[in-house]
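Enquirer:
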Amino acid sequence: MGSQQLVKRSPSGTTLIDAGTFNATTTSKNSDSVDCSRYRRGLIHLSVDSTLNPTDIQFLLQFSPDAGTTWHTYKKDEWVSLYYEDTDTATAQTECFGFAVEGRLMRLRAVATGTSATATFLVSAKLELYR
-17 MGSQQLVKRS
-7 PSGTTLIDAG
3 TFNATTTSKN
13 SDSVDCSRYR
23 RGLIHLSVDS
33 TLNPTDIQFL
43 LQFSPDAGTT
53 WHTYKKDEWV
63 SLYYEDTDTA
73 TAQTECFGFA
83 VEGRLMRLRA
93 VATGTSATAT
103 FLVSAKLELY
113 R
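Going left to right, the sequence shown walks through residues -17 to 113 as the numbering used here numbers them.
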């Protein structure tokens, strides 16, 4: 028998974006900031759907070194360039992406292009943290 490492998770998932619609009015959205200072790893669950051919949507994982005054985009692994094009999301996509927690405060930013009153993205994102 090997030694087991106990994984401690955040008590429940944190909703970052709750069925957010990206259209002519809303083309970007920042989640609330999340204190992740007690955790070492994170997992973001994404659900992305589109209607009537918007161009693309980008997801940026960001960390703040100064309690949320400035934000820096995490550039590691899939987070270097995490985009969905409309053709990817013509059928809703549900995927998750892990990351190392390398800061104390984080948020998720989503930026859509080519949206209109009818060409939209629908996004939900939830965060799990563990150590």
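Ideal placement from N, C-alpha and C gives every residue a C-beta, glycine not left out.
These numbers were taken from a predicted model, which means no experiment stands behind them.
Extract the residue ranges of the beta strand (DSSP E) inside the segment 13 to 75, only unbroken runs of 3 or more that lie entirely within it.
Expert: Runs found: 23 to 33, 38 to 46 and 64 to 67.
Enquirer: Within 10 angstroms of its Cβ, does S32 collect 16 or more other Cβ (buried), or is it exposed?
Expert: Buried: at least 16 other Cβ atoms inside 10 Å.
Enquirer: Which residue from L87, V83 and L(-2) puts its Cα closest to that of R23?
Expert: It is V83 whose Cα lies nearest to the Cα of R23.
Enquirer: Only counting the same chain, and skipping five residues up and downstream in sequence, which positions put a Cβ closer than 7 Å to that of L109?
Expert: Answer for L109: G(-5), T(-4), L(-2), V16, G24 and I26, listed in chain order.
Enquirer: Quick check on this structure: which residue in D0, K(-10), I39 and A1 has the alpha carbon closest to the alpha carbon of T9?
Expert: Residue I39 is the option with its Cα nearest to T9.
Enquirer: Helix, strand or coil for R113? Go by DSSP, reduced to three states.
Expert: Note: R113 maps to coil in three-state DSSP.
Enquirer: Helix, strand or coil, according to DSSP, for V93 in the structure here?
Expert: Residue state, collapsed to three classes: strand.
Enquirer: Under 8 Å: do the segment 96 to 108 and the segment 54 to 63 share three or more Cβ pairs, one atom per stretch?
Expert: Contact fails: fewer than three Cβ-Cβ distances are below 8 Å.
Enquirer: Give the straight-line distance between the Cα atoms of R111 and F4, rounded to the nearest whole angstrom.
Expert: For the record, residue 111 in the displayed sequence is Leu; it is not Arg. Going by the C-alpha atoms only, they are around 26 Å apart.
Enquirer: Give me the Cα-Cα distance between T76 and D70, rounded to the nearest whole angstrom.
Expert: Each residue's Cα considered, the two are about 11 Å apart.
Enquirer: Between the Cα of L28 and those of P36, G80 and G85, spot the shortest distance and give me the residue it belongs to.
Expert: Among P36, G80 and G85, the Cα nearest to that of L28 is on G80.
Enquirer: For a test of the three-state rule: what should DSSP assign to E77, helix, strand or coil?
Expert: Looking at E77 - three-state DSSP - the assignment turns out to be strand.
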